[in-house]
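Using my numbering, you'd call the opening residue of the sequence shown number 34 and step up by one each time.
By construction, the Cβ of each residue, glycine as well, lies at the ideal position given by its N, Cα and C atoms.
Here's the structure we're looking at; comments come further down.
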Amino acid sequence: MAGTDFFPRTALLLVVFLLGAFLLVARVSAQPPVAVQVEALLPNTAVLMINGQRKTLRAGDSFQGVTLVSADARAAVLEIDGKRQTVGLNRMITTQYATPDKRQVDIPRNNRNQYVTTARINGRTAPVIVDTGANIVAMNSGQAERLGIDYRSGSPSRVETASDVVDAWVVKLDSVEVGGIRVDNVRASVMDGNFPATILLGMTYLEHVELQEKDGVLSLSRGW
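Have a look at this one:
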């Protein structure tokens, strides 16, 4: 009888062992979501509410998987699960939102009430101002040259600025990318002279993304 019971008993022990190992792996890998709200900001210091616990972190400090990279009076740069996000005052984020099928970039408003960020235009970086009042991405001829854009091969036109009427060319940019949100084949206007001083990120890009403004932070997001 002892011989006949050996294999069933061994098989049962093996099943119990494998089930325990599976539950252990599941417990380790199933990380709970992290909810973070920025309550106060100082140079390189932020008061954060992390999963219901208020913590004051200095640049480089971590708590419950949240690392403060930097901070100023407008926003904090946080790193969660290896990903960095810029979060404005009183704004809340959660890791549940950081899904692979959606990207988001947060742009804090500067002291001139402008939303300024960096874009990659045809693979080259340049500062831009988010401008929902501009019906097209707009730049001056010097900026276009620095970006390697052959604007004179575009469609010629005339554009009225605040002080003059200038020559302009409508071109198609290969790509415009902000914070990983890329749009291909974007129409743009290149104006002769020095206007605009900073490239305007107009609606020919913005119509492809979702916009949300809250507490001085403009969020651009796009599903895939």
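GLY98 - DSSP class collapsed to helix/strand/coil:
coil
Looking at VAL209 and SER222, is the spacing between their C-beta atoms short of 9 Å?
no
Assuming THR165 contacts VAL211 under a Cβ cut-off of 8 Å, what Cβ separation, rounded to an integer in Å, is found between them?
Incorrect: roughly 14 Å between the Cβ atoms, too far for contact.
Cβ shell of GLU243 (< 6 Å), same chain only, five flanking positions each side left out:
SER254
ARG142 beta carbon less than 9 Å from that of LEU239:
No, the Cβ-Cβ distance between LEU239 and ARG142 is not below 9 Å.
Going by beta-carbon coordinates alone, are VAL67 and ALA73 separated by less than 9 Å?
For VAL67 and ALA73, no; Cβs fall outside 9 Å.
Judging by CA-CA distance, which residue of PRO189, ILE154, SER188, VAL199 is the nearest neighbour of GLU178?
ILE154
Do ASN218 and ASP207 have their C-beta atoms closer together than 9 Å?
For the 9 Å CB-CB criterion, ASN218 and ASP207 form a contact.
How would you call ASN173, buried or exposed, if buried means at least 16 neighbouring beta carbons within 10 angstroms?
Label assigned to ASN173: buried.
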